[in-house]
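Protein chains: 2
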Amino acid sequence: MQAQTSERPMKSAPTPSLRRMPMYLRCLYALRKTDVEWVSCTYLAEVLQKDPTLVRKDLAMTGIVGKPKVGFHVTGLVAAIEHFIGWDNLEDAFLAGVGNLGSALLGYEGFAQHGLNIVAGFDVDAEKVGTEVHGKRILHIDKLTDLAQRMHIGIGIVTVGARTAQAVADRMVAGGIRAIWNFAPVRLEMPPEIIVENEDLAGTLAVISRRLAGLNVETDERE
Amino acid sequence: MQAQTSERPMKSAPTPSLRRMPMYLRCLYALRKTDVEWVSCTYLAEVLQKDPTLVRKDLAMTGIVGKPKVGFHVTGLVAAIEHFIGWDNLEDAFLAGVGNLGSALLGYEGFAQHGLNIVAGFDVDAEKVGTEVHGKRILHIDKLTDLAQRMHIGIGIVTVGARTAQAVADRMVAGGIRAIWNFAPVRLEMPPEIIVENEDLAGTLAVISRRLAGLNVETDERE
DNA sequence: TAGATTGTTAATCGATTAACAATC
DNA sequence: TAGATTGTTAATCGATTAACAATC
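Residue numbers (the working numbering), protein chains in the order written: chain Y, 8 to 230; chain W, 8 to 230.
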């Protein structure tokens, strides 16, 4: 009872932990620009308003080991986190649906910073096909499946309307794409091995608007 | 021990439940277009791939009461959910930062559909100020605070860069805005009474990329 | 009536927080 | 050494799921 651990831990990490990783990274990038070499969980927790134990567990998940009384080496921690969330070796992506949102994402610098390379955009609109948007070529969507296969694309970003989203996602999967980042307001039916993440703007709006309405109660108290 | 309940329940609802509400609505809107008048939790649960009890609890939260064996009246349920999440009476919004993403959101039809009215966009760029983007006037950001106050704006959408996000959010709060929808990759320091929702693209990317890397393990098994 | 469905109470599960021992 | 900090085990908390009674 001790083998198998040697390389590749790769346990399934809790989603909330994964979502926090980029926050840690942002703090650490800032530290790296200064001459600070060591950082403690306590510090990160304070800056991010989290429980120190939570931070400690998150960091432990990456496999890094800290030094009591000292903390973690900033550079080492950055590398550990980036590796843990796969940002040191990220797959290429296709984006389908070059409307307002799609165009914006094609030009979003944050992606490039995090190593996400959107290789091309796809659309049905003849006006758009053949042009470039933020330096990315726009191709006809009929070419998506075949090209995805040939280029070994791993990630598909869906920014088409709700009606066409399922069909587009199907084409992506047919082309061997293994992860779908869905910005369309529909639930996609996908084979279980496909990773689907929904960017759920309507959900966030619901949270905001409910909370706002809740506040109103007190104001409305009398009358 | 029985008074006070009469009107306005307005208990604090769990965030996950709130996020699911728009999903239910989408199903219900579709049903409403057909001649289906009644719907069961069982049906909604099946379509959305959720546990039926979960759906039942979510719906109960809105205050609606169903009929055993029959279910819920579609129209009534739509109204109950929309009211519950405040979509029948949503506040106006300002958007700051008319870059790629900001412009896209100004033209996003999904918002209008859900009753979110973005009144105007704000930017520092002299080229943009005075123009219209997707039919919304773009004003100089110096006018934001004052106008927000005079127009009783409730929601501020932050689509500026990470560096200016805090300053912009501060101006919004100074103008009486009570909810901030933050698309910038920074943590905003806000007074506790302000509702802050972060649209965390980097977090989602981390989830996707970690999961993708995880899949690779099996492929890499030997070699 | 029988059976599908609602509504509610109890059990489970997972993530966060608290407590504490180990260490440089 | 003393004290800050790591790392781990136990307790808490909240959301989901299971079990079951109530009802038309």
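Backbone N, C-alpha and C define an ideal beta-carbon position, used for all residues, glycine too.
Measure the alpha-carbon distance for E14 of chain Y versus M68 of chain Y and round it to whole angstroms. Annotation note: pLDDT 38 at E14 of chain Y (below 50); position unreliable, coordinate value reported separately. Cα to Cα, E14 of chain Y sits roughly 14 Å from M68 of chain Y.
Along the region 113-136 of chain Y, where does the CB come closer than 7 Å to a CB of chain W? Name the residues. G114, Y115, G117, H121 and L123
Within-8 Å CB hit, D207 of chain W to chain Y: yes
For E98 of chain W, would you say it is in contact with chain Y, using Cβ-to-Cβ distances shorter than 8 Å as the test? yes
Please report the straight-line C-alpha distance between K64 of chain W and V193 of chain Y, rounded to a whole angstrom. Taking the Cα positions, K64 of chain W is about 22 Å away from V193 of chain Y.
By alpha-carbon positions, which one of W:A127, W:L151 and W:L212 ends up nearest to V175 of chain W? W:L151
Where does E53 of chain W fall in DSSP's three states? helix
Nearest-angstrom Cα separation, counted from S110 of chain W out to V43 of chain Y: 38 Å
Helix, strand or coil, according to DSSP, for V165 of chain W in the structure here? Strand, per DSSP.
Buried or exposed, going by whether 16 or more other CB atoms sit within 10 Å of the CB of E206 of chain Y? buried
By the criterion of Cβ-Cβ separation under 8 Å, what are the contact partners of R26 of chain Y in chain W? Going along chain W in sequence order, the residues near R26 of chain Y (Cβ under 8 Å) are D207, G210, T211, A213 and V214.
Using the beta-carbon of each residue, which ones in chain W are nearer than 8 Å to E204 of chain Y? T211, V214 and I215
Over what stretch of residues does the alpha helix (DSSP H) that includes R6 of chain Y continue unbroken? Given that chain Y is displayed from residue 8 to residue 230, the structure contains no residue 6 of chain Y and the question cannot be resolved.
What residue does the beta strand (DSSP E) around V126 of chain Y start on, and which one ends it? Its beta strand (DSSP E) spans residues N124 to D130.
Note the first and the last residue of the continuous alpha helix (DSSP H) segment covering L208 of chain W. That run of the alpha helix (DSSP H) goes L208 to D227.
Measuring alpha carbon to alpha carbon, tell me which of Y:L55, Y:L25 and Y:V72 ends up nearest E89 of chain Y. Y:L25
Span of the beta strand (DSSP E) holding N205 of chain Y? Bounds of the beta strand (DSSP E) holding N205 of chain Y are I202 to N205.
Output the distance between the C-alpha atoms of N107 of chain Y and H141 of chain W, rounded to the nearest integer angstrom. 10 Å
DSSP state of E134 of chain Y mapped onto helix, strand, coil: coil
V54 of chain Y to R27 of chain Y, Cα distance in whole Å? 13 Å
Rounding to the nearest angstrom, what Cα-Cα distance links T22 of chain W and T211 of chain Y in this structure? If you take the alpha carbons of T22 of chain W and T211 of chain Y, they lie about 9 Å apart.
Taking Cβ-Cβ distances shorter than 8 Å, what residues in chain W pair up with G161 of chain Y? L219
With H, G and I counted as helix, E and B as strand and the rest as coil, what does DSSP make of I71 of chain Y? coil
Segment limits, alpha helix (DSSP H) that includes R157 of chain W: L151 to M158
Proximal residues, the region 174-198 of chain Y versus chain W, C-beta separation under 8 Å: R185, A186, W188, P192, V193 and R194
Taking 8 Å as the CB-CB cut-off, is A20 of chain Y touching chain W? yes
Within 10 angstroms of its Cβ, does S216 of chain Y collect 16 or more other Cβ (buried), or is it exposed? buried
Between the beta-carbon of F101 of chain Y and the beta-carbon of G163 of chain Y, is there less than 8 Å? yes
Can you tell which of W:G183, W:V203 and W:R170 has the C-alpha that lies nearest to the C-alpha of G4 of chain W? Residue numbering for chain W in the displayed model covers 8 to 230; residue 4 of chain W lies beyond these limits and cannot be assessed.
I'd like to confirm the pairing. Which residues does DSSP put opposite N96 of chain Y in its beta bridges? Paired residues: none, contrary to the question.
Checking contacts by CB at 8 Å: is R33 of chain Y closer than that to chain W? yes
Could you compute how far the alpha carbon of P75 of chain Y sits from the alpha carbon of E116 of chain W? 53 Å
With C-beta atoms as the reference, is I145 of chain Y less than 8 Å away from E139 of chain Y? yes
Excluding five sequence neighbours on each side, which residues of the same chain lie with their C-beta closer than 6 Å to the C-beta of A87 of chain W? T69 and I71
So, is K135 of chain Y buried or exposed, given that buried needs 16 or more other C-beta atoms within 10 angstroms? Residue environment analysis places K135 of chain Y among the buried positions, since at least 16 neighbouring C-beta atoms fall within 10 angstroms of its C-beta.
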